[in-house]
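Just below is one structure, and these are the notes that go with it.
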Amino acid sequence: MKYLFDVPEMSCGHCKARIESTLLGNGKVENCSVDLNSGTVSVESELEPGKLEELFDEAGYDAFLKT
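Counted from 1, the sequence shown has number 65 at position 30 by our numbering; the numbering is strictly sequential.
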């Protein structure tokens, strides 16, 4: 499934790298794309949104599923 999350706290390349590293390091996330300008992250994964939000939390960021 493909999901789009608002991640309002990210603001720089370090934020982008941390999120990508944490999500892609999980093994069940096929792809993620961070857009710093819009404050969103697109994620392709077999995981449910709640589990993905836990990964964002592990990376140090609050993420909110866009509907």
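We put the CB at the ideal spot given by N, CA and C, even for glycine. No experiment lies behind these values; they were computed from the predicted model shown.
Unbroken alpha helix (DSSP H) run spanning residue i, endpoints
i	result
threonine 57	48-59
glutamate 85	The sequence as given places glycine at residue 85; glutamate does not occur at that position. Per DSSP, glycine 85 belongs to the alpha helix (DSSP H) from 84-94.
DSSP beta-bridge partners of residue i
i	result
phenylalanine 40	Val76 and Leu100
Bounding residues of the beta strand (DSSP E) (the contiguous stretch that carries residue i)
i	result
glutamate 65	64-70
For residue i, the nearest candidate out of the options (CA to CA)
i	options	result
alanine 98	Glu55, Leu82 and Val42	Val42
phenylalanine 91	Glu65, Asn61 and Ser73	Asn61
leucine 100	Ser77, Glu93 and Ala94	Ser77
serine 80	Glu93, Val64 and Ser73	Val64
Rounded separation between residue i and residue j - CA only
i	j	result
leucine 87	serine 56	13 Å
Closer than 8 Å to chain C by CB, residue i
i	result
glutamate 65	Looking for chain C here will not work: only one protein chain is present.
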